[in-house]
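Per this note's numbering, the sequence shown starts with residue 8, numbered consecutively. Every residue, glycine too, gets a C-beta built ideally from N, C-alpha and C.
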Amino acid sequence: MLHGLLFADEYLNTLQSQDIFSLEYASGLDISKDGKTVVFVRNFMDIQTDRKLSNIWSIDTKSKAMRPITTGDHSDYSPLLSPDENKIAYISTRTGRPQIYITWLDSGQTAKITNLTSSPSNLSWSPDGNNLVFSMFVEKPQSNPVSLPGKPKGAKWSDPAIYIDDVYYRFDGGGYTTKGSTEIFTIPTLGGTPRQLTNDEFDNSGPYSWSIDAKTIFFSANRHENRDFAPLNSDVYALSVEDLSIKQLTTRDGPDNNPVVSPNGKLIAFTGFDDKRLNYDNAQLFVMEADGSDIRQVSEAFDRSIDGLAWDDDSKNIYIQYDDKGKSVLALQSLRRGTKRTILSESLGGQSYGRPYTGAEFAVSASGQVAFTLSDPLRPADVALINKKKTIQLTRLNDDFLGHKALAKIEEIWFKSSADERDIQGWIAYPPGFDNSKKYPLVLEIHGGPVTAYGPHFSMEVQLFAAAGNVVLYTNPRGSSSYGKEFANTIDKNYPSQDYYDLMSGVDAVIEKGFIDTDQLYVTGGSGGGVLTAWTIGHTDRFAAAVVAKPVINWYSFVLTADFYPFFYQYWFDKKPWEDLKTYMEYSPISYVGNVKTPTMLLTGEADFRTPISETEQYYQALKIQGVDSAMVRIPGASHGIYRKPSNLMAKVEYILWWFNQYAPKTKEALNND
């Protein structure tokens with residue numbers, strides 16, 4: 008325990024970091040045409056191998072009876088019901104390498120239909136059920152321009168030098184790249200030899216949508232010659248399955264993504280926006296004829312970004328999903344009237360169940376039922392259903408575990424920013440057994456992104472901080488998504504800045520409630536949250552300790568070492584680093600390290616190519632030069648997504664709590680022991 012605020016019996020009933028391995032969550036939904044069956048991915052953690060694994064399950068939406076379609080200690084994912092709904096296609100690692108499988112639902116018989124050399128993704132059934140389309144990386148031949156002469160037969164020399172001339176040569180989570188591209192393939196659903204439909208230098212990744220005659224595949228890709236330095240400029244294309252010709256359907260400067268063919272085959276819906284090289288923009292809903300003509304926006308004057316879409320069965324409406332104030336909303340957008348009707352949100356869900364829709368996945372049946380993932384601060388994602396405007400929860404994957412744990416109560420909070428009186432939203436997590444007559448430590452948790460948002464979701468990290476006896480505050484300062492374009496773009500070419508005052512105003516608002524020990528204020532955050540944590544301690548010494556996770560410390564060096572650098576210098580700054588050193592350094596936390604007095608620990612994955620560990624090392628060494636109590640924690644093999652291995656989340660939480668505990672005021676008993 009962090010500060011000994013919990014008694015022994017309470018300790019036994021609170022979450023511990025090893026409980027991460029007991030969590031499950033639902034994802035990857037599909038639903039039958041009649042709405043009677045939902046298939047989903049049931050994700051779980053394997054404590055023996057420290058991996059996230061998954062199997063595919065089905066659930067009867069009337070009886071709520073569940074049964075497994077696959078089992079085993081491997082990963083089964085991306086389930087898709089066949090058009091006749093007698094089979095299910097999915098990807099599985101059961102033989103060690105991801106391959107495509109089909110299971111017949113009446114008999115349970117399973118066939119592995121591929122022996123691929125790379126991982127498949129973006130499965131899609133042809134309308135006749137005879138073929139599957141998928142994407143796969145195809146390695147292209149590569150030879151070094153230099154071959155060393157004079158090597159004697161049998162001599163053991165060093166591995167040859169590696170020659171690199173690509174703009175993108177390494178990716179976070181994937182490591183250094185090999186020459187090649189993502190191409191489109193089809194394969195008969197009874198097995199056979201995959202047929203490669205594209206073969207060029209472009210990444211023709213999915214998702215894919217078929218024409219109803221199964222002769223054309225629609226997809227989005229960036230097939231422009233300047234694609235490396237125009238990373239968002241994707242368009243919608245039509246690929247002929249017969250002659251392999253490719254027709255470009257959109258020409259906007261900006262992203263056109265997620266094409267979906269209407270059930271009647273006449274229209275294509277997609278999302279996109281005109282790229283103004285801003286920090287953020289809203290993806291809007293567009294519709295065009297199947298030949299690419301008559302493109303029109305149907306989500307007019309809508310100040311939120313559309314994340315998902317699906318047609319209704321009559322091809323007259325489109326289900327759209329978007330985030331609003333940290334919560335997910337599902338609405339039905341009419342093509343004819345250009346209006347939308349909300350069918351699922353916190354308020355609507357609250358009438359029937361009381362849990363906000365925060366899962367970000369949904370699937371629609373031909374008969375109008377909507378399956379979706381349902382989450383709240385006390386539970387990870389479950390499966391639920393909307394049937395005739397009634398919300399029904401179908402699974403309770405964690406009740407057997409979390410139902411017996413004392414969890415943090417989560418409360419929404421709104422407050423005014425001291426910067427400009429702007430309204431800012433946040434959430435407070437109260438430790439189990441909270442008593443407002445006592446004083447508690449406060450942990451400020453800052454989200455990354457920077458354009459993303461917290462919401463009333465389940466967070467194991469927040470719950471563990473609270474279980475250790477802390478009040479936890481997590482907020483959506485300016486720059487966060489789900490509050491509109493203007494709010495997100497207040498940090499455009501201006502990050503960090505007034506968002507710091509938003510965060511401090513949140514801390515002040517919680518302190519005003521009267522139960523916070525102001526000698527025990529702590530701050531932490533990862534990625535963009537790491538940037539703001541380092542910025543915070545460079546501008547105030549009110550915090551007793553800080554943990555800066557996977558940060559950017561120096562924008563100049565970051566742009567020149569991060570994996571996605573063509574995006575960062577164009578969208579987060581106006582000029583190249585050497586053209587505007589002053590601005591790059593003005594917004595760099597390293598420029599304010601001379602002000603830091605707060606004991607600070609840094610924590611980053613050693614294989615992080617998004618915010619490279621060299622950023623962490625710069626700040627660590629600067630803090631040491633400055634004489635600040637500091638430490639560095641390196642997570643071996645971890646990329647920017649540290650949580651890919653459950654034990655890495657354990658390590659992160661345990662190190663943060665340990666560091667904060669080192670700088671907690673000692674009790675009289677502890678002082679006597681010293």
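Endpoints, alpha helix (DSSP H) assigned at residue i
i    : result
N668 : 653 to 669
D509 : 506 to 518
P573 : 572 to 578
Q470 : 467 to 474
W562 : 562 to 566
E428 : Taken as a continuous stretch (DSSP letters only), E428 belongs to no alpha helix (DSSP H), as it is neither H nor E.
Three-way DSSP call (helix, strand, coil) for residue i in this model
i    : result
L630 : helix
R101 : coil
R234 : helix
E249 : coil
G333 : coil
F616 : coil
G648 : coil
L12  : Below a pLDDT of 50, predicted positions are generally treated as unreliable, and L12, at 47, falls in that range; no measurement from the model is reported.
V174 : coil
F441 : coil
P596 : helix
D4   : Since the first residue of the chain shown is 8 and the last is 681, residue 4 is not available in this structure.
V267 : strand
T607 : strand
G35  : strand
E419 : strand
Q304 : strand
V538 : helix
F408 : helix
W217 : strand
L355 : Its pLDDT being 40, under 50, L355 is placed unreliably by the model, and the measurement read from it follows with that caveat. Helix.
N151 : coil
A677 : Low confidence applies here, because A677 scores a pLDDT of 46, under 50, leaving its location unreliable; read the following figure in that light. Three-state result, A677: helix.
P584 : helix
S488 : coil
N394 : strand
T459 : coil
Whether residue i touches residue j by CB criterion (8 Å)
i    : j    : result
P90  : G136 : yes
V566 : Y576 : yes
L36  : F369 : yes
S425 : S504 : no
V538 : P596 : yes
G272 : I219 : yes
T44  : N62  : no
L381 : L409 : no
K147 : K186 : yes
P159 : M143 : no
V2   : I649 : An answer regarding residue 2 cannot be provided, because it is not within the stretch 8 to 681 covered by the chain.
L139 : I107 : yes
I523 : V478 : yes
L351 : I393 : yes
Per DSSP, cross-strand counterpart(s) of residue i
i    : result
N138 : P195
S341 : N324
R58  : D53
F144 : T189
F47  : W64
Y529 : V450, A552
G315 : Q328
D260 : Its beta-bridge partners do not exist; DSSP assigns none.
F226 : Y244
D41  : DSSP output for D41 lists no bridge partner at all.
T278 : N264, L292
Y183 : R177
T380 : V390
First and last residue of the uninterrupted beta strand (DSSP E) at residue i
i    : result
L401 : That residue, L401, is in no beta strand (DSSP E); it is neither H nor E in DSSP.
P448 : 447 to 453
V640 : 637 to 642
L480 : 478 to 483
F522 : Where F522 is concerned, there is no enclosing beta strand (DSSP E), given that its DSSP letter is neither H nor E.
E493 : Counting along the chain, E493 falls outside any beta strand (DSSP E), though it belongs to the alpha helix (DSSP H) covering 492 to 495.
V371 : 369 to 371
Chain D contact for residue i (CB, 8 Å cutoff)
i    : result
A373 : The chain labelled as chain D is not found in the depicted structure, where only one protein chain is given.
Unbroken beta strand (DSSP E) runs of length 3 or more, entirely within the region 67 to 134: which are they? You should have 73 to 75, 83 to 88, 94 to 99, 106 to 111, 117 to 119, 127 to 132.
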